[in-house]
Amino acid sequence: MRRVVCPGSFDPVTNGHLDIVSRAAQLYDEVVVAVLRNPNKQALFTVDERVEMLREVTKSHDNVTVTRFDGLIVDFCRANDISAIIKGLRAVSDFDYEMQMAQMNYSQAGVETLFMTTNPLYAFLSSSLAKDFAKYGGDVSGLVPSPVADRLAARLRGG
Ligand code: ADP
Numbered sequence: 034m035r036r037v038v039c040p041g042s043f044d045p046v047t048n049g050h051l052d053i054v055s056r057a058a059q060l061y062d063e064v065v066v067a068v069l070r071n072p073n074k075q076a077l078f079t080v081d082e083r084v085e086m087l088r089e090v091t092k093s094h095d096n097v098t099v100t101r102f103d104g105l106i107v108d109f110c111r112a113n114d115i116s117a118i119i120k121g122l123r124a125v126s127d128f129d130y131e132m133q134m135a136q137m138n139y140s141q142a143g144v145e146t147l148f149m150t151t152n153p154l155y156a157f158l159s160s161s162l163a164k165d166f167a168k169y170g171g172d173v174s175g176l177v178p179s180p181v182a183d184r185l186a187a188r189l190r191g192g
């Protein structure tokens with residue numbers, strides 16, 4: 034069984050994330066989307082809420098599962114028999130940091146990282162941008178899946 038992990042904060046999941054996960058699901062037997070709590074970022078949604086939204090928007094893919102994790106992604110990979118990490122790359126600005134992490138994860142734990150180039154439709158898109166846009170009344174229906182747009186609107190109203 035070829036199993037791969039897509040790790041990230043997903044606060045919240047965007048159409049850019051979903052595009053990478055769907056394409057990975059065509060290449061691998063199983064894709065595990067792993068949601069991490071990033072202590073360096075102030076989150077809008079709890080990890081459980083992010084997991085719930087991801088499950089909702091990936092439910093049409095039989096071979097995608099969603100879970101949370103704390104700690105090192107390479108430990109998660111070892112514990113779940115996963116040999117590779119898939120990361121989406123939007124622009125060269127993503128590259129320096131991602132390359133360092135990939136080399137670190139390979140040298141320390143032998144876990145490979147595969148980079149998938151973004152769909153140009155979503156090259157500009159990040160969770161932060163979608164949240165900012167929504168905060169100032171922008172229409173995010175082309176940026177995030179519709180259940181996520183609803184949750185975003187509700188959260189920004191204070192719900
Ligand atoms: P992090 O908090 O680690 O930056 P994110 O939740 O922002 O995680 O993103 C998770 C993964 O999805 C990363 O590999 C990131 O590069 C990728 N990604 C984010 N947005 C896009 C996009 N618009 N197109 C392609 N890949 C993306």
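Under the numbering used here, the residues of the sequence shown are numbered 34 to 192, in order. Using N, Cα and C, we set each Cβ at its ideal position, and we do this for glycine too. Here the structure is a predicted model, which is why all the values come from computation and not from measurement.
Identified DSSP bridge partners for Val97: Val64
Local conformation of Gly175 per DSSP, three classes: coil
C-alpha distance - Ala57 paired with Val64, whole-angstrom precision: 7 Å
Of the residues Cys110, Phe166 and Arg190, the one placed nearest Val38, counting alpha carbons only: Cys110
Residues near Arg101 in its chain [Cβ-Cβ closer than 6 Å; skip 5 each side]: Val68, Val80 and Val84
Reduced DSSP secondary structure (H/G/I, E/B, other) of Ala182: helix
Val66 and Val99 closer than 7 Å at C-beta: yes
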